[in-house]
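Take a look at the structure set out below.
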């Protein structure tokens, strides 16, 4: 009787092991098939992270990433913090690394603050790109620039200088003090002014505004009050010229203070009309988003990128060195161009 019971128990155990073994084999096969399916259909998960979401500049860039996703057959995750916060970017990137995405394209609020998380991404085999603002050059595979930073900064300073008559006091209003692209435009702009317009004088260090138009508004008013002889405002980051122009309008100083800056046309055209803003300049935001995704896909496809190489969805790319992809020249908006529309 005991032998019979033991025999039944052994049979049951063997059946259980067989069932469990079958389940395990099935799960492993499903995982393998899932990986093979991804490799077969070529679908990449590409994260595109702006400095922050909810502002017109990045919303417009997102449109380009969506178009690229549809045309290039990739999955784009466009997401970022609600305020320009590098610590929040790090936290979100950590999550995407854990999820095992294929590429991360980030516009750093603070390049140094992202060093560790970007190194972690590279160690995990994830393609790393920066766009709009630059990260540590050693930690990225590609760096997507909307324009040549030096050319753009010198162009904007030249536009400010000629409208100021080449002399007088000016101030710089910026979106933030840690963004590499903004700091580059400030550095190159100041150098150009010092070399070419020595009679112009910068009244103080750049004034940060946390990428907020209302802060730029109050900052511009404070500048005018503190420096009554100021004749120009050099505004870097799309919310800043809008806030500065609003301040000039409210103070009735359109004929006394020159305002130039990086601005989206639809946002700034009203200020151009009454002269509160003298010049706004920007590249195509959707194109910047599209180029970022197209470059990430090319990197994942193993294409050796260099100047003049064609990539899917974009055509020939312009490169400066081994990593810098340059989109193209910006478009200027003035009261004159507005009157011609």
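In mature numbering (1 follows the signal peptide of the UniProt record, and there is no 0), the protein residues as written are -22 to -1, 1 to 319. Positions of the beta carbon are idealized from the N, C-alpha and C atoms, including for glycine. This one's a predicted model, so the numbers in the text were calculated from it and none came from an experiment.
{"Query": "First through last residue of the alpha helix (DSSP H) which encompasses residue 304", "Result": "No alpha helix (DSSP H) contains residue 304, which is instead part of the beta strand (DSSP E) from 302 to 304."}
{"Query": "Span separating the alpha-carbon of residue 139 from that of residue 88", "Result": "30 Å"}
{"Query": "Where residue 197 falls, given that 16 or more other Cβ within 10 Å makes a residue buried", "Result": "buried"}
{"Query": "Residue 67 burial status per 10 Å Cβ neighbour count (16 or more: buried)", "Result": "buried"}
{"Query": "Opposing strand residues paired with residue 109 [DSSP bridges]", "Result": "111 and 122"}
{"Query": "Three-pair Cβ contact test at 8 Å for the stretch 127 to 134 versus the stretch 183 to 193", "Result": "no"}
{"Query": "Start and end residues, beta strand (DSSP E) containing residue 179", "Result": "178 to 180"}
{"Query": "Range covered by the beta strand (DSSP E) that runs through residue 310", "Result": "309 to 312"}
{"Query": "Residue 304 to residue 37 span [Cα, whole Å]", "Result": "21 Å"}
{"Query": "Assumed close pair residue 256, residue 236 - CB separation to whole angstroms, cut-off 8 Å", "Result": "5 Å"}
{"Query": "Sequence-distant residues of the same chain with beta carbon closer than 7 Å to residue 191, five excluded per side", "Result": "217, 220 and 221"}
{"Query": "CA-to-CA distance, residue 246 to residue 293, given in whole angstroms", "Result": "31 Å"}
{"Query": "Residue burial classification, residue 204 (beta-carbon count within 10 angstroms, cutoff 16)", "Result": "exposed"}
{"Query": "Which of helix, strand or coil DSSP assigns to residue 22", "Result": "coil"}
{"Query": "Environment of residue 284 [buried if 16+ CB atoms lie within 10 Å]", "Result": "exposed"}
{"Query": "Runs of beta strand (DSSP E) wholly within the stretch 119 to 179 (minimum 3 residues, chain order)", "Result": "120 to 123 and 146 to 152"}
{"Query": "Proximity of residue 243 and residue 266 at Cβ, strictly below 8 Å", "Result": "no"}
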